[in-house]
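First up is the structure itself, then whatever we jot down about it.
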Amino acid sequence: MSDKGTSDHVARPLDGAAAGSGKKRGCGAHMKRKWWAYLLGLIVLVVILVPVLILVAVPKIAQKKIDEAQLEIRAFSALNTQSENFTLGIDSVIRTDGSVHATIAGFEGVMYLEDWAPQRPFARVHFPETTSDAYQEVRIEQFTPIDDMDAFTVYNTWLLINETLRVTVRGDTTVRVRGIDRAYPVLFKKTLTVPGLRLFEGTVVRDPAISLTGDAQGNNFKGMVDIPNHSQVTFEIGNATFHNYLNGAEIGTVFINNMILRPGNNTFPMNAKVENGPVLTFMSTRPACETGSVPFQLRGKDVVNNGQRLSYFADSLASANQTVNIDIGGALRHRNVTIACRS
């Protein structure tokens with residue numbers, strides 16, 4: 001039995017080796033006969049996958065990178081303002097991860113208020129060609145017709161009265177990825193939260209002076225006004241006039257000429273035609289007779305620049321009253337006038 005067992009044990013691996021050699025010979029013979037079928041299948045696979053990659057995957061990647069890019073507007077300006085157009089300036093930065101080498105074609109984009117239901121564009125912007133570099137500065141200066149006066153006026157009004165507002169930049173463009181001779185359509189859309197003017201909060205009138213007779217233009221009040229611009233926008237306003245109210249009644253007109261409001265603090269000479277009677281009467285009441293401070297309300301009346309009326313600034317300045325406290329007591333003391341408190 002031991003001989004028979006040994007014989008069986010030796011025979012099995014020999015049979016296995018023979019079977020393995022047979023499989024290899026069969027596989028080799030199969031490849032020799034069918035190699036063209038496998039090659040054809042590989043070619044078909046490449047022919048299918050490459051177009052799918054180019055037509056589907058690459059555009060999705062390009063759009064994803066556009067969506068992930070960050071747009072920062074550092075400065076915005078409206079200069080050379082006229083009744084129907086102005087010069088638009090934008091100083092911006094685009095940041096990406098820099099992982100894809102691509103060129104974004106120049107395009108015309110629109111800007112609109114994200115939270116104003118019609119979302120009508122208040123400006124059209126011609127963006128230059130850019131790249132996908134990790135950091136890129138983009139500066140724009142262009143003549144800009146005002147296509148939608150209502151939308152531009154609403155934008156200026158929101159900018160005036162709000163602490164912040166959301167502005168969306170949107171446009172269709174194309175992207176060319178390095179190494180692929182094809183342009184892919186993409187949507188550039190960025191919504192930015194930008195600081196507003198806060199109704200010129202913090203405005204101060206310094207060195208007020210009162211005249212009982214008035215000058216050649218009829219102005220009987222003057223001073224220096226400090227107007228803070230809390231936004232990133234520079235405005236060329238020109239000559240602005242304001243309604244002047246006291247206790248809800250209009251008592252005169254305020255004039256500020258040659259206004260160019262830049263971000264930060266701005267100082268201008270101010271003149272006014274004011275009815276002295278209501279002011280002196282108010283000064284005899286408490287607390288004005290004790291503090292000398294009178295709370296005037298100002299509201300936009302008109303704006304003219306280089307002989308052209310700027311309705312988009314005039315209407316926005318007329319949208320709300322601004323209270324400005326002025327030291328009338330100090331101005332009267334300079335004229336040796338003292339007003340006692342009424343009992």
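In the UniProt record's numbering, the protein residues as written are 1 to 343.
Here a beta-carbon is modelled for each residue, glycine too, at the ideal position from N, C-alpha and C.
Just so it is clear, the structure is predicted and the values come from calculations on it, not from any experiment.
- Phe242 and Ile260 do not touch by the CB rule: their CB atoms are close to 17 Å apart, not below 8 Å.
- DSSP, read as helix, strand or coil, puts Ile146 in coil.
- Less than 8 Å divides the Cβ of Thr153 from the Cβ of Tyr312.
- For Gln308, the number of other beta carbons within 10 angstroms of its own is below 16, and it is reported as exposed.
- With contacts defined as CB atoms closer than 8 Å, Ile227 and Ala240 fail to qualify as a contacting pair.
- When the beta-carbon positions are compared, Phe122 and Gly109 stay at least 8 Å from each other.
- The residue from Arg139, Arg198, Ile328 with its alpha-carbon nearest to that of Val93 is Arg139.
- In the three-state reduction of the DSSP assignment, Gly292 falls in the coil class, being assigned neither a helical nor a strand state.
- Around the beta carbon of Phe296, a 10 Å sphere encloses 16 or more other beta carbons of the protein chains shown; the residue is thus reported as buried.
- One thing to note: Leu197 has its Cβ no nearer than 8 Å to the Cβ of Leu246.
- Taking C-alpha positions only, His101 is separated from Leu199 by approximately 44 Å.
- By the Cβ-count criterion, Phe76 is buried, with 16 or more other Cβ atoms from all chains shown falling within 10 Å of its own Cβ.
- Ser293 is not a Cβ neighbour of Asn321, given a cutoff of 8 Å.
- Straight-line measurement puts the Cα of Glu141 at about 20 Å from the Cα of Tyr135.
- Taking the C-beta atoms as reference points, Val274 is found nearer than 8 Å to Gly252.
- Here the segment 201-208 does not lie against the segment 170-184, with fewer than 3 beta-carbon pairs under 8 Å apart.
- DSSP places Ile328 within a helical segment (H, G or I) once states are collapsed to three.
- With 16 or more other Cβ atoms from the protein chains shown falling within 10 Å of its own Cβ, Val225 counts as buried.
- In this structure Ala183 is in contact with Ala105, their Cβ atoms being roughly 7 Å apart against a cut-off of 8 Å.
- Taking each of Arg124, Ser316, Asn265 in turn and checking the Cα distance to Pro145, the smallest one comes out for Arg124.
- When rounded, the separation of the alpha-carbon atoms in Thr213 and Gly329 is 18 Å.
- Your pair Lys190 and Leu71 checks out as a contact, with CB atoms roughly 4 Å apart and the cut at 8 Å.
- Here Leu165 is buried: its Cβ has 16 or more other Cβ atoms, across all protein chains shown, within 10 Å.
- By the criterion of a C-beta distance shorter than 7 Å, Phe143 is surrounded in its chain by Asn85, Thr87, once the five residues flanking it on both sides are discounted.
- Nearest C-alpha to Leu317 among His230, Glu137, Asp327, Thr157: Thr157.
- By the beta-carbon neighbour count (other beta carbons within 10 angstroms, threshold 16), Thr323 is exposed.
- 8 Å or more divides the Cβ of Ser284 from the Cβ of Ala249.
- Apart from sequence neighbours up to five positions away, the residues of its chain that approach Gln63 with a beta-carbon distance below 6 Å are Val186, ordered along the chain.
- A straight-line Cα-Cα distance of about 10 Å links Lys65 and Pro59.
- In the DSSP secondary-structure assignment, Phe235 is bridged to Ala78, Leu261.
- With a threshold of 16 other beta carbon atoms within 10 Å, Thr267 falls short and is exposed.
- The beta carbons of Gly300 and Ala288 sit no closer together than 8 Å.
- Distance between Glu163 and Asn265, taken at the CA atoms: about 16 Å.
- If the five residues before and after Phe282 are omitted, its C-beta is found closer than 8 Å to the C-beta atoms of Leu246, Asn247, Ala288, Val294, all from its own chain and listed in chain order.
- By the Cβ neighbour-count rule, Leu298 is buried, with 16 or more other Cβ atoms within 10 Å of its own.
- In the structure shown, Pro121 adopts coil according to DSSP, grouped into three states.
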